[in-house]
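Visitor:
In this note's numbering, the protein residues as written are 4 to 273.
#1: Are there any heavy atoms of the ligand COA lying less than 7 Å away from the beta-carbon of residue 36, as far as the coordinates show?
#2: For residue 223, count neighbouring C-beta atoms within 10 Å of its own C-beta (all shown protein chains included) and say buried if the count is 16 or more, exposed if not.
#3: Report the residue ranges of all alpha helix (DSSP H) runs contained in full by the region 136–215; include only those spanning at least 4 residues, in chain order.
#4: According to DSSP, is residue 19 helix, strand or coil?
#5: Using the DSSP secondary-structure output, state which residues sit across from residue 109 in a beta bridge.
#6: Quick check on residue 88: does DSSP put it in helix, strand or coil?
#7: Which of helix, strand or coil does DSSP assign to residue 79?
#8: Taking residue 68 as the reference, give the member of 243, 253, 262, 252 with the closest Cα.
#9: How do the region 214–234 and the region 146–155 stand: do at least 3 beta-carbon pairs fall below 8 Å, yes or no?
#10: For residue 232 and residue 88, what's the separation of their Cα atoms in angstroms?
#11: Less than 8 Å separating the beta-carbons of residue 32 and residue 157?
#12: Round the Cβ separation of residue 80 and residue 135 to the nearest angstrom and send it over; I've been treating them as touching at under 8 Å.
#13: For residue 96, count neighbouring C-beta atoms within 10 Å of its own C-beta (all shown protein chains included) and say buried if the count is 16 or more, exposed if not.
#14: Is residue 76 closer than 8 Å to residue 17 when the C-beta atoms are compared?
Shown next as structure tokens:
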């Protein structure tokens with residue numbers, strides 16, 4: 004593919020934004036919502052079956068995000084392009100922001116990329132996606148009511164021959180206010196279900212997968228957390244609905260703890 008093809012392939016907006024005026028002070032973010040790749044990229048040389056796997060997107064994460072937003076009355080932002088073009092949850096200079104191989108599958112369309120190709124993906128996807136989140140948060144913070152920022156992901160239960168036993172992972176870094184409260188609700192079994200919950204599992208910020216939350220949550224001083232759900236539990240409407248109910252109930256329970264927080268606060272995380 005020529006650089007000119009790359010530069011003119013992003014006709015669709017990088018972000019789908021919903022609920023700028025949603026009543027509940029929660030913003031849900033879904034970085035890996037879709038496996039969509041523009042036709043000009045010729046599927047990056049991958050088969051349709053390969054593009055349906057976790058290497059291209061987080062299966063079930065978008066449906067879960069939208070369902071939670073509906074139940075909570077929250078805002079959300081979804082990325083409209085596959086993580087294989089560029090991973091918006093990594094810094095643009097991260098060596099894994101555009102992968103040549105993922106989980107043993109080679110991505111031919113990402114091999115031997117020119118600087119122009121890479122820059123075009125940053126300009127066409129990464130920058131406008133994060134600008135859309137910034138604009139949404141700026142608008143909602145004008146009320147001076149803090150916003151809870153939650154990034155929604157799914158993970159494959161088995162990778163590289165290793166089993167990941169968790170139902171849910173809560174990924175946290177410096178700001179632990181929201182994560183600790185959310186874990187408390189989930190461990191107590193807000194819907195009577197006993198969950199296998201991992202803290203900073205199956206990923207942690209050390210894996211460089213915390214960029215979106217760090218940029219839009221921690222750097223603004225907003226309560227924030229990253230959630231990972233086993234994708235085999237999101238493959239049906241019933242499974243997705245169950246997780247939407249469970250997570251929405253937990254978030255409703257902790258929301259009053261943040262109702263009087265000034266949106267301009269930079270209090271040290273607790």
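Yeah, the Cβ is synthetic: ideal placement off N, Cα and C, and Gly gets one too.
Guide: This is what the structure gives:
#1: Annotation note on the ligand COA: not contained in the displayed structure, which lists no ligands.
#2: Here residue 223 is taken as the residue at index 220 of the chain shown, counted from 1. The residue in question, residue 223, is buried, as its Cβ has 16 or more Cβ neighbours within 10 Å.
#3: 180–190
#4: Sequence index remark: in the chain shown, residue 19 carries index 16 (1-based). Three-state result, residue 19: strand.
#5: If you number the chain shown from 1, residue 109 lands on position 106. Looking at the DSSP assignment, residue 109 forms a beta bridge with 104.
#6: Here residue 88 refers to the residue found at position 85 of the chain shown. Coil, per DSSP.
#7: Residue 79 sits at position 76 when you count from the first residue of the chain shown. If DSSP states are grouped into helix, strand and coil, residue 79 belongs with the strands.
#8: Translated into the one-based positions of the chain shown, residue 68 becomes position 65. Out of 243, 253, 262, 252, 243 has the C-alpha closest to the C-alpha of residue 68.
#9: yes
#10: The residue given as residue 232 occupies position 229 in the chain shown. The residue given as residue 88 occupies position 85 in the chain shown. Looking at the two C-alpha atoms, the distance is approximately 23 Å.
#11: As a working mapping, residue 32 is identified with position 29 in the chain shown. As a working mapping, residue 157 is identified with position 154 in the chain shown. No, the pair does not count as a contact, with Cβ atoms beyond the cut-off.
#12: Here residue 80 corresponds to residue number 77 of the chain shown, with the count starting at 1. Here residue 135 corresponds to residue number 132 of the chain shown, with the count starting at 1. Sure, about 6 Å apart at Cβ, within 8 Å.
#13: Your numbering for residue 96 matches position 93 in the chain shown. It counts as exposed.
#14: Counted from its first residue, the chain shown places residue 17 at position 14. Counted from its first residue, the chain shown places residue 76 at position 73. No, the Cβ-Cβ distance between residue 17 and residue 76 is not below 8 Å.
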